[in-house]
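Undergrad: Heads up: the sequence shown is residues -20 to -1, 1 to 84, going by mature numbering (1 follows the signal peptide of the UniProt record, and there is no 0).
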Amino acid sequence: MDTTTTNFLAGLESILLTSALLDDMCADIRSCATRILRQKRRQQTLPANEALGLRSLKSDENIVVVPADKDGATVIMDKDDYVSMVNNIFSYIEAYALLAEDPT
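#1: Kindly indicate the opening and closing residues of the beta strand (DSSP E) around ILE43.
#2: Helix, strand or coil for THR54? Go by DSSP, reduced to three states.
#3: Skipping 5 residues on each side, what residues in its chain have a beta carbon closer than 8 Å to that of LEU1?
#4: What would DSSP say about TYR62, mapped onto helix, strand or coil?
#5: For VAL55, I'd like the list of residues in its chain whose CB is within less than 6 Å of its CB, leaving aside the five on either flank, ordered along the chain.
#6: Looking at the structure shown, is SER39 part of a helix, part of a strand, or coil, going by DSSP?
#7: Leaving out five residues on either side along the sequence, give the residues of the same chain with a beta carbon under 6 Å from the beta carbon of THR14.
#8: Give me, in chain order, the residues of the same chain whose beta-carbon lies closer than 6 Å to that of ASP60; leave out the 5 immediate sequence neighbours on both sides.
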């Protein structure tokens, strides 16, 4: 963590400790702040040559480029394998229910 982030979190903690907010609300605020800071850290600018390479990979219709679940990594998969994996995930009937109509 850099100094700015550390100072921000220290200031936020100081405010939360002296506030009249409920503990649950303070915990929610802490969680939201750290999540936003982590997302900001992941949105680093790629060097030009890496950005060009990533664009080239994304233009290949036989592969899929997706963010990994953790660590801000990038995963490159064969498109057919990716579609098969996603269909397999959604085939677990216990986890998902078909809606009669669009809820939106």
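Note that CB positions come from ideal geometry on N, CA and C, so glycine has one too.
TA: Taking the definition as stated:
#1: 43 to 47
#2: strand
#3: ILE9
#4: helix
#5: VAL46, ALA48
#6: helix
#7: none
#8: none
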